[in-house]
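Q:
Numbering (the numbering used here), first residue to last: 358 to 597.
Next up, the structure:
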């Protein structure tokens, strides 16, 4: 049995990584930010391109600071591997916007992850008068991100590689359409007509991407947006 250290085990992605590791027979030690978050977990379980952000840009906004932290931390990790040549390998997984079901021990909607906050706002009527702007138009399901992390740890051919994890493109108007179709009882809370406009991103304005390495090396297959949104809504409905 492999013993694995998982940091931040109560987080949105890490919680799914934890579930996947345990399902696949690994022994896991995890760290959490508080005793309360740790107790919830115990109760529940008896590629080549970089973000071009520069260091002098991180203070311009919280978003730049967040994105910069991801880029600079990963570059520091790769520099450590190259310069120190430790007795272990490194593999990194880089997802864009992460959607999908929240863990069943979510305390409340106040504790929801930023990515799923847009879905929470839509199904509670906060976006009825104006659909939230989309922002980044790339997405991936949290369960696929979790599986990618586990496969990257299990497969020797994943050593010292970066993996770009993307299921496809989307816009918030797509999410509204899915919720409206699959949950007709929520339609009166959703934006429609002109109120949808801020959430629309034309296909020609969306980013391109290459996920061939995650498919070829990890054998990863990606869920469709409909499944991810439907499962996210179902997981949030118990907290409304």
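The C-beta atom is built at its ideal place from N, Cα and C for all residues, glycine as well.
1) Take residue 399 and list the residues in its own chain whose beta-carbon comes closer than 8 Å to its own, dropping the five residues that flank it on each side.
2) Does the segment 510 to 525 come close enough to the segment 467 to 479 to have 3 or more Cβ pairs within less than 8 Å?
3) Determine the DSSP secondary structure at residue 402, reduced to helix, strand or coil.
4) Keeping to the same chain, check which residues put their C-beta closer than 7 Å to that of residue 405; ignore five residues upstream and five downstream.
5) Here's the rule: buried if 16 or more other CB atoms are within 10 angstroms of the residue's CB, otherwise exposed. What is residue 573?
6) How is residue 369 classed by DSSP in three states: helix, strand or coil?
7) Spell out a yes or no on whether the segment 498 to 510 and the segment 369 to 387 are touching, meaning 3 or more CB-CB pairs, one atom from each, closer than 8 Å.
8) State the start and end residues of the unbroken alpha helix (DSSP H) segment that holds residue 602.
9) Please state whether DSSP places residue 384 in a helix, a strand or coil.
10) Roughly how many whole angstroms lie between the Cα atoms of residue 459 and residue 487?
11) Leaving out the 5 sequence neighbours to the left and right, which residues in its chain are closer than 7 Å to residue 491 when beta-carbon positions are compared?
12) Answer with buried or exposed for residue 575, where buried requires no fewer than 16 other C-beta atoms within 10 angstroms of its C-beta.
13) Under DSSP, the alpha helix (DSSP H) around residue 572 begins and ends at which residues?
14) Considering only DSSP beta bridges, list what residue 328 is partnered with.
15) Within the continuous beta strand (DSSP E) that includes residue 583, where are the two ends?
16) Given a cut-off of 8 Å on the beta-carbon distance, is the pair residue 485 and residue 546 in contact?
17) Using the three-state DSSP reduction, which class does residue 469 fall into: helix, strand or coil?
18) Buried or exposed for residue 482, please, with buried defined as at least 16 other CB atoms from any protein chain shown within 10 angstroms of its CB.
A: Checking against the coordinates, here is how it stands:
1) Confidence at residue 399 is low in this model, with a pLDDT of 46, below 50, so its placement is unreliable and no value can be given for it.
2) no
3) The pLDDT assigned to residue 402 is 46, lower than 50, so where the model puts this residue is not dependable; a value taken from the coordinates is nonetheless given after this. Three-state result, residue 402: coil.
4) The predicted position of residue 405 is uncertain, since its pLDDT is 49 and thus under 50; a value taken from the coordinates is nonetheless stated next. Excluding positions up to five away in sequence, the list is empty.
5) exposed
6) helix
7) yes
8) Any answer about residue 602 is impossible in this case: the structure gives the chain only from 358 up to 597.
9) strand
10) 25 Å
11) 528, 529, 556 and 558
12) buried
13) 569 to 573
14) The question about residue 328 has no answer, for the chain in this structure spans 358 to 597.
15) Taken as a continuous stretch (DSSP letters only), residue 583 belongs to no beta strand (DSSP E), being part of the alpha helix (DSSP H) at 582 to 594.
16) yes
17) coil
18) exposed
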